[in-house]
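In what follows, a structure is listed as structure tokens, so that the remarks can point back to it.
Chains as they are written, first to last, in this note's numbering: chain V, 1 to 202; chain L, 1001 to 1202.
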């Protein structure tokens, strides 16, 4: 095909695509707070949530963060978003990964303390986005019960968004969610012997 | 099993897990700039890249952003990260999605202008992370050639990280990448008639 032919075919294809997309946008008029879940074994679950946090701040809205499991080392996102204490209520509640603590009763107690903080954020009308980072790990280990967690999430203000991250999201959480992304590992530099690096992994 | 039994089994399992993970961390000693690709039809490809940008800034490092396709509307991430002009070199080069422009020659010219800006960022030793947002769309449509793009990416400073986002990443890009995440759509609120909302979609 000639280059001019490709241009014309492109125009026709894009006109059809625009018609379909515009119709779908016109239909999608409902607005309410979403429950988003980022799960899977790939990289990007927490990062994507922090990217949405940046978006939220860009729109002049407030956000809350509870990190359930991480926290042994200070992360770049924590240092960065703590610079905006008027806009971001930031809470690191975990004490490292569960294979570092190795103490189930202590992990349970910590998870419950963290949930008390999350519940308070989920009750605030002035907070547009609540990020529950690595909550899936606490649920998967049974440190918190899904029924309790969902009851508090469902009782939140109507326009508030919630993002839950972590591997192994429970099926009941996926059922309750509006948007779910499964972040699949295709390959990871760590597998090739590359160390975790600032800005990328933490 | 009793609760005490579960605690003991948990301890043993976490001790084994810690041994495996610590051994893998000890082996992973190589450090160099990574090429990361976020692809797939799910939500979170760009957000995850912007989350890593926040991490990078948290570590006191500089970053560059080129948005190849988006740009018809100002996004929350753009407003937010433009607040740090000393740390973030932010460039929105596209003129909306290809189904909005419908003009292939113009899209090609815009993609080439955008790549000239990207190449300049890829040449800077002081920039720790270069985010090439929606570059995959420009590559998939043939607006840029993969060979040219990879040559510039591979010639970058040794410690610089690059993140490429967008659906339909070309196989040659995946081969060249260190880390690839396929963000799979499990469900999306838009499918249920919910409008795109500030902080979440833009």
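Where a beta carbon is used, it is the ideal one built from N, C-alpha and C, also for glycine.
Residues near residue i by beta carbon distance below 8 Å, same chain, minus five either side
i                       : result
residue 168 of chain V  : 39, 136, 137 and 140
residue 194 of chain V  : none
residue 1032 of chain L : 1158 and 1159
residue 1088 of chain L : 1053, 1057, 1062, 1063, 1064, 1065, 1081 and 1082
Same chain only: Cβ atoms within 7 Å of residue i, ignoring 5 sequence neighbours per side
i                       : result
residue 241 of chain V  : This structure cannot speak to residue 241 of chain V, because chain V is shown only from 1 to 202.
residue 1166 of chain L : 1039, 1045, 1134, 1135, 1136 and 1137
CB of residue i within 8 Å of CB of residue j, strictly
i                       : j                       : result
residue 1161 of chain L : residue 199 of chain V  : yes
residue 58 of chain V   : residue 1076 of chain L : yes
residue 49 of chain V   : residue 133 of chain V  : yes
residue 61 of chain V   : residue 178 of chain V  : no
residue 1131 of chain L : residue 1170 of chain L : no
residue 20 of chain V   : residue 66 of chain V   : no
Straight-line gap, residue i to residue j (C-alpha atoms, nearest Å)
i                       : j                       : result
residue 149 of chain V  : residue 113 of chain V  : 13 Å
residue 182 of chain V  : residue 1184 of chain L : 5 Å
residue 1189 of chain L : residue 1123 of chain L : 40 Å
residue 1186 of chain L : residue 1176 of chain L : 27 Å
residue 1103 of chain L : residue 126 of chain V  : 43 Å
residue 30 of chain V   : residue 63 of chain V   : 22 Å
residue 155 of chain V  : residue 1111 of chain L : 46 Å
residue 37 of chain V   : residue 172 of chain V  : 12 Å
residue 1018 of chain L : residue 1082 of chain L : 41 Å
residue 16 of chain V   : residue 7 of chain V    : 14 Å
residue 94 of chain V   : residue 107 of chain V  : 8 Å
residue 1078 of chain L : residue 74 of chain V   : 26 Å
residue 174 of chain V  : residue 180 of chain V  : 7 Å
residue 1086 of chain L : residue 85 of chain V   : 21 Å
residue 1014 of chain L : residue 14 of chain V   : 53 Å
residue 202 of chain V  : residue 9 of chain V    : 45 Å
residue 2 of chain V    : residue 1115 of chain L : 25 Å
residue 1109 of chain L : residue 11 of chain V   : 16 Å
residue 27 of chain V   : residue 1027 of chain L : 53 Å
From the options, residue whose alpha carbon lies closest to that of residue i
i                       : options                     : result
residue 143 of chain V  : V/50, V/131 and V/69        : V/69
residue 80 of chain V   : V/109, V/94, V/105 and V/47 : V/47
residue 1004 of chain L : V/180, V/8 and V/105        : V/105
residue 1023 of chain L : V/9, V/197 and V/191        : V/191
residue 197 of chain V  : L/1025, L/1012 and L/1006   : L/1025
6 Å CB neighbourhood of residue i in its chain, flanking five on each side removed
i                       : result
residue 1152 of chain L : 1119 and 1122
residue 1042 of chain L : 1183, 1184 and 1185
Ordered list of beta strand (DSSP E) runs contained in the region 50-89 of chain V, each at least 3 residues: 62-67
Beta strand (DSSP E) runs wholly inside the region 95-155 of chain V, at least 3 long, in chain order: 127-133
Whole beta strand (DSSP E) elements within the region 1163-1196 of chain L, 3-residue minimum: 1179-1187
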